[in-house]
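Peer 1: One structure follows; several queries about it will come next.
There are 4 protein chains.
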Amino acid sequence: MGFKKVVFLLAVLLTFQLAEAQSRRIIAIPDINGYKTLKCDFHMHTVFSDGTVWPTVRVEEAWAEGLDAISITDHIEYRPHSKDVVADHNRSFEIASPLARQLDILLVRGAEITRSMPPGHLNALFISNANLLEREDVNDAIKEARDQGAFLLWNHPGWKAQQPDTTLWFEEHTYLLNNNMLHGIEVYNASEYYPEAIDWANEKKLTMFANSDVHGPMDVNDGHRPLTLVFAKSRTEGGIKEALFSGRTAVYFNNTLMGKSALLEPLFFSSLKYSDAPLRLTNGTSKVVNITNNSDVDYELVLVQPGVGLDAPESLTLKAHHVTPLNLNGNSEEIAKTGEINLYYSVKNMFTASDENLIVTLSFKNL
Amino acid sequence: MGFKKVVFLLAVLLTFQLAEAQSRRIIAIPDINGYKTLKCDFHMHTVFSDGTVWPTVRVEEAWAEGLDAISITDHIEYRPHSKDVVADHNRSFEIASPLARQLDILLVRGAEITRSMPPGHLNALFISNANLLEREDVNDAIKEARDQGAFLLWNHPGWKAQQPDTTLWFEEHTYLLNNNMLHGIEVYNASEYYPEAIDWANEKKLTMFANSDVHGPMDVNDGHRPLTLVFAKSRTEGGIKEALFSGRTAVYFNNTLMGKSALLEPLFFSSLKYSDAPLRLTNGTSKVVNITNNSDVDYELVLVQPGVGLDAPESLTLKAHHVTPLNLNGNSEEIAKTGEINLYYSVKNMFTASDENLIVTLSFKNL
Amino acid sequence: MGFKKVVFLLAVLLTFQLAEAQSRRIIAIPDINGYKTLKCDFHMHTVFSDGTVWPTVRVEEAWAEGLDAISITDHIEYRPHSKDVVADHNRSFEIASPLARQLDILLVRGAEITRSMPPGHLNALFISNANLLEREDVNDAIKEARDQGAFLLWNHPGWKAQQPDTTLWFEEHTYLLNNNMLHGIEVYNASEYYPEAIDWANEKKLTMFANSDVHGPMDVNDGHRPLTLVFAKSRTEGGIKEALFSGRTAVYFNNTLMGKSALLEPLFFSSLKYSDAPLRLTNGTSKVVNITNNSDVDYELVLVQPGVGLDAPESLTLKAHHVTPLNLNGNSEEIAKTGEINLYYSVKNMFTASDENLIVTLSFKNL
Amino acid sequence: MGFKKVVFLLAVLLTFQLAEAQSRRIIAIPDINGYKTLKCDFHMHTVFSDGTVWPTVRVEEAWAEGLDAISITDHIEYRPHSKDVVADHNRSFEIASPLARQLDILLVRGAEITRSMPPGHLNALFISNANLLEREDVNDAIKEARDQGAFLLWNHPGWKAQQPDTTLWFEEHTYLLNNNMLHGIEVYNASEYYPEAIDWANEKKLTMFANSDVHGPMDVNDGHRPLTLVFAKSRTEGGIKEALFSGRTAVYFNNTLMGKSALLEPLFFSSLKYSDAPLRLTNGTSKVVNITNNSDVDYELVLVQPGVGLDAPESLTLKAHHVTPLNLNGNSEEIAKTGEINLYYSVKNMFTASDENLIVTLSFKNL
């Protein structure tokens, strides 16, 4: 038997070895307002830049963790393995693409334009040809991406290696913003949070991101990687693109959610289920509302103003996938005549700005 | 300030300390056939017999673990703490009752008639007065329970301390059965499984139970205690009683389910969700059905006969709260003309008899 | 067979059921300075006051968790179960005592004198007769304890139910202190930390405690209960008593240690193991010291002043039961001539006062 | 600033990103008989054959998991990524080597000769040049390895893809064995156990291995990867080579140990610590020996013959890093005169042959 034939047979045999049974986690974050809530990570690397895994690993990880969409964003300008890994800038996408289709992971073609600050590193998403981004002048590279229809986001704006002490908005970023060359910003990268970024996002209408920027194998332990939640009209690449350009995202890391209150508030309430039967609370009696939290998020509530005519708990954690009783005690004669009871809670792990928590109103019919 | 008044104030103060925020787990086992699937444990002890916890602890544990109903079944004949704990046989129920009402745990009044074998130990559930069960003759005690309308079950029929080598059905049990004095049997107790019991249950129309028989604090770690699943018309004490007398239970321990196929089969299928779109499988192509298992049970499937015209996996674990892909590959020209694809799997952790697994048919439209 | 005989046989049989195999955790906190480091909890309740477990449960829990000594400190003045549990104040100790001896848990006889603030609640340890502490006047009760040779500690000085907004030292406490009626104070109770208490302990020479004050079954999950570490000349009741009166304790809760630096510093260094071979660090080279942490504590270090002639990590976590590399880089020509390298780190989870962390010096021979 | 210079600066900056603080697990398996017990894995792949990680990942994983030595054994004949990854057969070793030196992981140069059965796949360890193993005839390849001084082991002898129903020893293997071309065999690979292999190892003096054969990122969850324990005179590559050629290994997977009793027995006893004080057991009394298990292995013991003059537990689990009490009860007058008590236990998770457990004798002085 010739050597070639042996090798062919081996290839057949070895595929058996790889076909191991597996299953996919479910990330329980609800859909809202008629949008699909897609769990996405738009920043990661492979051996085709300075990462240490093959592109298919990124798809397998995303599938196992329950993600909907990823983008492999290998550096254009930094390829330390190029002595051994010889391929152009589109190759990691091409390798990962068939597996992504098979596993129904949306794979967005992307690349990281990797320069010193300013403007720092930018991810170009939804490009058609990464090779054309290899340009000496950074603005030429960004323009090329823009002209390919790319969505451009500023990565880790406060990354200590580039900005040791501060997170600064440079004139260059204003230039990019004014020329349709900057559409989004990372509020969270890997394990770093940039408070300035969420406020810039609000002020300058930039779309917010939380991405893993993972280089080695993903290690999520019992938690979850940083995720960009995309509120899309459909679970398609087009749906994601439209949502990103429309600013409909929230960031999700370490049991914390950040974004616009118009998105966070329905996310909070869609996570919960409780009876809407009237409480009929009266002075001196107590009632319990059992709140079921079907999401993965532990919501941490702190009362922002005392209840009128009743005592409500000053703090309350609505634990993920648990039922938490809310105990209400009538403390005045007025309560028996109140038609609707409103409780105002600040959600300590939901932020609408760097110094602003989401305030939610828990409303219960009383009569 | 007098001593009495101090004590009164302390009582008020100390209740604050006990009011700690908590939350309740959700046991994800679906409702079936229009019945509520209630998670129940009908065998446990307190300091009022030979247990080591106060009756309220049993209610708190049940609430935290997500149970619907329990019965405290203190021994009538064995009360080693009686020097210090001075009360009648109804007292543990009375103490636990207000908290059960408050936390919406159904508390069934019960007691354990505790004799040497035969007939061994029997739990009497739904009794009205446990004190009347204190009789010298065991049959008098059981008759009293029956006449109170009790459901009677034989506990741990193969308990090694009473039956070191065997699990035996005695004439006494036939007598009880024939005189409406025996209605159910424990198939599982604490950490012991009795294969004979499931077969007797099938043969003699006894209702099957899995109970914790817990004496100390319940320790469930990451798992769950042994549970009797009751398929009830309503989540009420009456609903449970009707279901028990009608034999509508399944036993659930260590990721294993046992019961009648008419109950286990819908339990299996109600746990799962997958698309019913036609597969359109053809020779040489492959299709994936993504099966979402929304229950707490990992279902372990083994193919019992090869697919006709297609290859299906020989074994497959449908992991709890995960999505598992079922990969099907067409291997004959006939498959393209097959209107419905049926796959026959044995569920290795679902039993209908001591030596019989539940067989399920996974059906998919193909055209 | 008579009823009595049946019951006797049952008692024999049932003991089998209770004899389940178990094993005991090891709390890895090292001995120091020739003292045994005993892991102790001196505050807990049973059904004999307002707890909900039988006294033996406290011994079993302590054994399973790896503790050396406990004290059951049922309230003298507050016994809500007294209608059913009829016994004097020494009874919980008497019941727990044989099992403690069998399992080699040191059981200190104690009681909680339970009054409104001031002086609040005090635990009396090493008493000889708890019944004599039932006195109308609080000072009479405390004096009785003192005269029995008791060690007296002030429990939860900032407990919100008694001191809603503040933690205050009252004149009454000065009186107790001056009359040998107060020797220690809880710095941590259940899940509350009192910063004032550690500073009072330092200032007034009070012994520091962290206790569980557990009422229901102990639930430690993956962590550990609050512990008072006692540095004793011997693992005996006398050894503990001498250490408490000498102030040789540290408190340990949530991966945090508090105490005198003379005790915390050896605790830190006895937890670690690393080579004492000379580093021979020179300019432009780097050396690694592998530090093995054999304790249960994750030590979190922050550099308090830059290394001289070398770069050392600004922060470093010495993870429990792991080896952590300390990377040192020479950055000046001087370093090659330096005989000893000293690095000054603040240990963020070790406190010597409410606002002072332990500072440790990591010393390495260089030549 | 030129493009080259930008790239250089980026390289500097990006290394910061990779320098994340980490720590290394400790695998607690004791040294025995004056040998170091080295934790090794001699079978794994990278992108340089059909793996999906960069070679440095294998070193990082080994370091984090607490291993001492690994061998990267990329296939000679099967390199599906060769279109993109262009390098010779020594390249994965060369890339991993500097990091291995820095992290003090012993990296053995190896390769997998990958042929159809017989002889199947063989790992060649301690080779000097993998490129020379690329030969059309399998025996030429193996001879080349032998002549480079290689240790040769037969991988996954019962791998289902090659041997669907059986595990067979072929004439070819006898030829290899007789010509110094076969020295070891995998008893365990990835998640498969081959009972035939342990018996062949005993019969034909082959060294036993358990290896991971990992292709993607290593995922050990809370457990450990399959390991070959090497009992070496020194923690050096030479030490390992001498031990392998001398047959001093044991295999360790899923809390199971296999090997020669001369190695397993001291491994068992070196894991344990208990007092050697005389028991002074007499008729009708009971004594407890507290056994501390300082290893990672839960040892599961079953009594193989009744104690003489005493009752000892029929089964006992010595839980890892816990203290387990062994309860002994004197049951005859003779026991008081017995100088030494010997208990014979079978260790259910230690095997010396496919159907033989290690038997250990627990000896205690009695007088």
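Residue numbers (the numbering used here), protein chains in the order written: chain A, 1 to 367; chain B, 1001 to 1367; chain C, 2001 to 2367; chain D, 3001 to 3367. In this text, a Cβ means the ideal position worked out from N, Cα and C, and glycines have one as well. Since the model is a prediction, treat every value here as computed from it, not as a measurement.
With a CB to CB cut of under 7 Å and the five nearest residues on each side skipped, what residues in its chain are close to D/L3310?
Peer 2: Position 310 of the fourth sequence, counted from the first residue, corresponds to residue 3310 of chain D. Here the set comprises L3281, L3328, N3329, G3330, N3331, I3335, I3341.
Peer 1: Within the continuous alpha helix (DSSP H) that includes D/P3173, where are the two ends?
Peer 2: Taking the fourth sequence and counting its residues from 1, one reaches residue 3173 of chain D at position 173. The sequence shown places His at residue 3173 of chain D, not Pro. Unbroken alpha helix (DSSP H) run through D/H3173: 3171–3178.
Peer 1: Check the Cβ-Cβ distances between A/D84 and every residue of chain D, and say whether any is below 7 Å.
Peer 2: Along the first sequence, one-based indexing puts residue 84 of chain A at 84. True, the Cβ-Cβ gap to chain D drops below 7 Å.
Peer 1: At a threshold of 6 Å, does B/G1034 count as lining the ligand GTP (C-beta to nearest heavy atom)?
Peer 2: As presented, the structure is devoid of all ligands, the ligand GTP included, so that no description of it is given.
Peer 1: Output the boundary residues of the beta strand (DSSP E) element that contains C/D2041.
Peer 2: Start at 1 with the first residue of the third sequence, and residue 2041 of chain C comes out as number 41. That run of the beta strand (DSSP E) goes 2036–2041.
Peer 1: In three-state DSSP terms, what is A/G223?
Peer 2: Position 223 of the first sequence, counted from the first residue, corresponds to residue 223 of chain A. A/G223: coil per DSSP, three-state reduction.
Peer 1: Shorter than 7 Å from the beta carbon of A/I359 to some beta carbon of chain B?
Peer 2: One-based indexing of the first sequence puts residue 359 of chain A at position 359. Judged by the 7 Å Cβ criterion, A/I359 is not in contact with chain B.
Peer 1: Can you tell which of B/E1300, B/L1264, B/C1040, B/P1325 has the C-alpha that lies nearest to the C-alpha of B/S1286?
Peer 2: Counting from 1 along the second sequence, the entry for residue 1286 of chain B is found at position 286. Closest by alpha carbon: B/P1325.
Peer 1: With a cut-off of 8 Å on the beta carbons, I'd call A/K273 and A/N294 a contact; round off their distance for me.
Peer 2: Reading the first sequence from its first residue, position 273 is the one you call residue 273 of chain A. Reading the first sequence from its first residue, position 294 is the one you call residue 294 of chain A. Contact flag correct, Cβ pair sits at about 6 Å.
Peer 1: Give the secondary structure of D/N3129 by DSSP, where H, G and I count as helix, E and B as strand, and everything else as coil.
Peer 2: The residue you call residue 3129 of chain D lines up with position 129 of the fourth sequence. Note: D/N3129 maps to coil in three-state DSSP.
Peer 1: State the start and end residues of the unbroken beta strand (DSSP E) segment that holds A/E60.
Peer 2: Taking the first residue of the first sequence as 1, we reach residue 60 of chain A at position 60. Run containing A/E60: none in the beta strand (DSSP E); it sits in the alpha helix (DSSP H), 55–65.
Peer 1: Distance, Cα to Cα, A/E192 vs A/R146?
Peer 2: On the first sequence, residue 192 of chain A is found 192 positions in, with the first residue counted as 1. On the first sequence, residue 146 of chain A is found 146 positions in, with the first residue counted as 1. Their backbone Cα atoms lie some 27 Å apart in a straight line.
Peer 1: Can you list, in chain order, the residues of the stretch 215–233 of chain A whose Cβ is nearer than 9 Å to any Cβ on chain D?
Peer 2: So the list reads H215, G216, P217, M218, D219, given in the order they occur along the chain.
Peer 1: Can you tell which of B/D1355, B/T1056, B/F1170, B/S1246 has its C-alpha closest to the C-alpha of B/R1101?
Peer 2: Within the second sequence, the letter at position 101 stands for residue 1101 of chain B. Minimum Cα distance to B/R1101 is reached at B/T1056.
Peer 1: Could you tell me whether the Cβ of D/T3167 comes closer than 7 Å to any Cβ of chain A?
Peer 2: Within the fourth sequence, numbered from 1, the residue matching residue 3167 of chain D stands at position 167. Cβ-Cβ to chain A under 7 Å: no for D/T3167.
Peer 1: Under 7 Å between the Cβ atoms of C/D2074 and C/S2097?
Peer 2: Walking along the third sequence from the start, residue 2074 of chain C turns up at place 74. Walking along the third sequence from the start, residue 2097 of chain C turns up at place 97. Their beta carbons are not under 7 Å apart, which means C/D2074 does not touch C/S2097 by this criterion.
Peer 1: Here's the rule: buried if 16 or more other CB atoms are within 10 angstroms of the residue's CB, otherwise exposed. What is A/G238?
Peer 2: For the purposes of this step, residue 238 of chain A is taken as the residue at position 238 of the first sequence. With fewer than 16 other Cβ atoms within 10 Å, it is exposed.
Peer 1: Per DSSP, which one or two residues make a beta bridge with D/K3365?
Peer 2: Here residue 3365 of chain D corresponds to residue number 365 of the fourth sequence, with the count starting at 1. According to DSSP, D/K3365 bridges with D/E3340.
Peer 1: With H, G and I counted as helix, E and B as strand and the rest as coil, what does DSSP make of B/R1135?
Peer 2: For this step, residue 1135 of chain B is matched to residue 135 along the second sequence. It is coil, neither helix nor strand.
Peer 1: Taking Cβ positions only, does A/T324 come closer than 7 Å to chain B?
Peer 2: Taking the first residue of the first sequence as 1, we reach residue 324 of chain A at position 324. Judged by the 7 Å Cβ criterion, A/T324 is in contact with chain B.
Peer 1: Please list the partners that A/A312 has in chain D, where partner means a Cβ-to-Cβ separation under 8 Å.
Peer 2: For this step, residue 312 of chain A is matched to residue 312 along the first sequence. Near A/A312 there are no residues of chain D at all, since even the closest Cβ is about 40 Å away, more than 8 Å.
Peer 1: To the nearest angstrom, how far is the alpha carbon of C/S2116 from that of C/W2054?
Peer 2: For the purposes of this step, residue 2116 of chain C is identified with residue 116 of the third sequence, where counting begins at 1. For the purposes of this step, residue 2054 of chain C is identified with residue 54 of the third sequence, where counting begins at 1. Their Cα atoms are separated by approximately 27 Å.
Peer 1: For B/S1023, would you say it is in contact with chain A, using Cβ-to-Cβ distances shorter than 7 Å as the test?
Peer 2: Reading the second sequence from its first residue, position 23 is the one you call residue 1023 of chain B. Yes, contact with chain A.
Peer 1: Taking 7 Å as the threshold (C-beta atoms), are D/N3211 and D/D3041 in contact?
Peer 2: Start at 1 with the first residue of the fourth sequence, and residue 3041 of chain D comes out as number 41. Start at 1 with the first residue of the fourth sequence, and residue 3211 of chain D comes out as number 211. Yes, these two residues count as a Cβ contact at 7 Å.
Peer 1: Measure from the alpha carbon of D/I3026 to the alpha carbon of each residue in D/G3066, D/F3048, D/I3032, then state which is nearest.
Peer 2: Taking the fourth sequence and counting its residues from 1, one reaches residue 3026 of chain D at position 26. Selected option, being the one with the closest Cα: D/G3066.
Peer 1: With DSSP run on the structure shown, which of helix, strand or coil describes D/S3234?
Peer 2: In the fourth sequence, residue 3234 of chain D corresponds to position 234, counting from 1. Of the three classes helix, strand and coil, the one that applies to D/S3234 here is coil, per DSSP.
Peer 1: Check the C-beta distance from A/I240 over to A/S354 and give it rounded, since I have them as a contact under 8 Å.
Peer 2: Residue 240 of chain A sits at position 240 when you count from the first residue of the first sequence. Residue 354 of chain A sits at position 354 when you count from the first residue of the first sequence. That belief does not hold up - the Cβ atoms of A/I240 and A/S354 are roughly 26 Å apart, past 8 Å.
Peer 1: Cutting at 7 Å between CB atoms, please list the residues of its own chain near B/H1215, excluding the five before and the five after it.
Peer 2: Translated into the one-based positions of the second sequence, residue 1215 of chain B becomes position 215. H1045, D1050, G1051, T1052, listed in sequence order.
Peer 1: Per DSSP, C/K2273 forms a beta bridge with which residues?
Peer 2: Your numbering for residue 2273 of chain C matches position 273 in the third sequence. Beta-bridge pairing links C/K2273 to C/T2292.
Peer 1: Check the Cβ of A/I26 against every Cβ in chain B and list those closer than 9 Å, keeping chain order.
Peer 2: Position 26 of the first sequence holds residue 26 of chain A. What A/I26 touches in chain B: T1292, N1294, H1321, H1322, V1323.
Peer 1: So, with DSSP's three-state summary, where would you put C/I2359?
Peer 2: Within the third sequence, the letter at position 359 stands for residue 2359 of chain C. C/I2359: strand per DSSP, three-state reduction.
Peer 1: Output the residue ranges of the alpha helix (DSSP H) runs that lie fully inside the stretch 67–129 of chain A and measure 4 residues or longer, sorted by chain position.
Peer 2: DSSP runs (the alpha helix (DSSP H)) wholly in the stretch 67–129 of chain A: 91–103.
Peer 1: So what's D/P3266 in DSSP terms, helix, strand or just coil?
Peer 2: Sequence index remark: in the fourth sequence, residue 3266 of chain D carries index 266 (1-based). Here D/P3266 sits in helix by DSSP.
Peer 1: In angstroms with no decimal places, state the Cα-to-Cα distance between D/N3178 and B/E1356.
Peer 2: Mapped onto the fourth sequence, residue 3178 of chain D falls at position 178. Mapped onto the second sequence, residue 1356 of chain B falls at position 356. Using only the alpha carbons, I get a separation of about 50 Å.
Peer 1: Evaluate A/G307 with the Cβ neighbour count: other Cβ atoms within 10 Å of its Cβ, from every protein chain shown; 16 or more gives buried, anything less gives exposed.
Peer 2: For this step, residue 307 of chain A is matched to residue 307 along the first sequence. Buried, by the Cβ-count rule.
Peer 1: Secondary structure at A/F245, three-state DSSP: helix, strand or coil?
Peer 2: Taking the first sequence and counting its residues from 1, one reaches residue 245 of chain A at position 245. Correct three-state label for A/F245: helix.
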